[in-house]
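Q: Protein sequence lines, in the order shown, are assigned to chains D and C. Terminal number for the first sequence in the UniProt record's numbering: 62, no gaps in between. Terminal number for the second sequence in the UniProt record's numbering: 62, no gaps in between. We put the beta carbon where it would ideally sit given N, CA and C, even for glycine. Given the structure is predicted, the values throughout are model-derived calculations rather than measurements.
2 protein chains.
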Amino acid sequence: MNHVKEYRQQRGLSQLKLAQAVGVARQTINLIENDKYNPSLKLCLGLAKTLGTDLNSLFWEE
Amino acid sequence: MNHVKEYRQQRGLSQLKLAQAVGVARQTINLIENDKYNPSLKLCLGLAKTLGTDLNSLFWEE
DNA sequence: TAAAGATGTCAATTATAAGTGACATTTCGA
DNA sequence: TCGAAATGTCACTTATAATTGACATCTTTA
């Protein structure tokens, strides 16, 4: 479980807009939000910066 | 730049010991420490937990 | 000063992240 | 309530993370 979807929606972005901002395909965002796979660190950093947050807020549990 | 090497040395672990603890090859740790590639989120989480820290401490800049 | 441990790096292979195109369903504003 | 936007998912391909084995160099320590 991660918090990408929550942060994306708070920012009023669609999966497509977020994908374009980060430079990946829309499907990649969809898969990450639904925990279907394991993104790279570079992509996690891009998501955190684009969403105005940090790695722990998006991906750290406990 | 990341802080894996600093945390590993603080814990008194070799690259090999850390690799075994996290479940990857020694070369993988070496490449990450020298910024030769882009680890997966799952591996970053494993490193953070094994080293008793979190994602931001190891991988977040600024 | 020899030997063992630790590190950096290479080549080749395997596993999987990520891309592309497409289609069905759901959501939401005109 | 119709149509467009948004989302979830499929199959297939491409890029690259990660593995394995090997070897050279550099540190330590016996």
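(1) Over the uninterrupted alpha helix (DSSP H) stretch that includes tyrosine 7 (chain C), give me the two end residues.
(2) State yes or no: is the beta carbon of aspartate 54 (chain C) nearer than 8 Å to at least one beta carbon in chain D?
(3) Which residues, in order along the region 20-40 of chain C, keep a beta-carbon less than 8 Å from a beta-carbon of chain D?
(4) With a threshold of 8 Å between beta-carbons, can lysine 42 (chain D) be considered close to chain C, or not?
(5) May I ask you to report which of helix, strand or coil DSSP gives serine 40 (chain C)?
(6) Take leucine 47 (chain D) and list the residues in its own chain whose beta-carbon comes closer than 7 Å to its own, dropping the five residues that flank it on each side.
(7) So the alpha helix (DSSP H) asparagine 30 (chain C) belongs to, where does it begin and stop?
(8) Where do the N-terminal and C-terminal ends of the alpha helix (DSSP H) with leucine 55 (chain C) fall, by residue?
(9) For leucine 16 (chain D), count neighbouring C-beta atoms within 10 Å of its own C-beta (all shown protein chains included) and say buried if the count is 16 or more, exposed if not.
(10) Kindly list the residues whose CB is nearer than 6 Å to the CB of arginine 26 (chain D), restricted to its own chain and excluding five residues on each side of it in sequence; keep chain order.
A: Considering the structure as presented:
(1) The residue labelled residue 7 (chain C) in the question sits at position 7 within the second sequence. Tyrosine 7 (chain C) -> alpha helix (DSSP H) spans 4-10.
(2) The residue labelled residue 54 (chain C) in the question sits at position 54 within the second sequence. True, the Cβ-Cβ gap to chain D drops below 8 Å.
(3) Asn38, Pro39 and Ser40
(4) Translated into positions along the first sequence, residue 42 (chain D) becomes position 42. Chain C contact via Cβ: present.
(5) The count along the second sequence starts at 1 and reaches residue 40 (chain C) at position 40. Strand.
(6) Here the question's residue 47 (chain D) lines up with position 47 in the first sequence. Once the five neighbours on either side are set aside, the close Cβ partners of leucine 47 (chain D) are Val4, Val22 and Leu58.
(7) Here the question's residue 30 (chain C) lines up with position 30 in the second sequence. Taken as a continuous stretch (DSSP letters only), the alpha helix (DSSP H) holding asparagine 30 (chain C) covers 26-33.
(8) Indexing the second sequence from 1 puts residue 55 (chain C) at position 55. Note, leucine 55 (chain C): alpha helix (DSSP H), 55-59.
(9) Here the question's residue 16 (chain D) lines up with position 16 in the first sequence. Classification for leucine 16 (chain D): exposed.
(10) Within the first sequence, the letter at position 26 stands for residue 26 (chain D). Correct list, in chain order: Gln15, Leu16 and Ala19.
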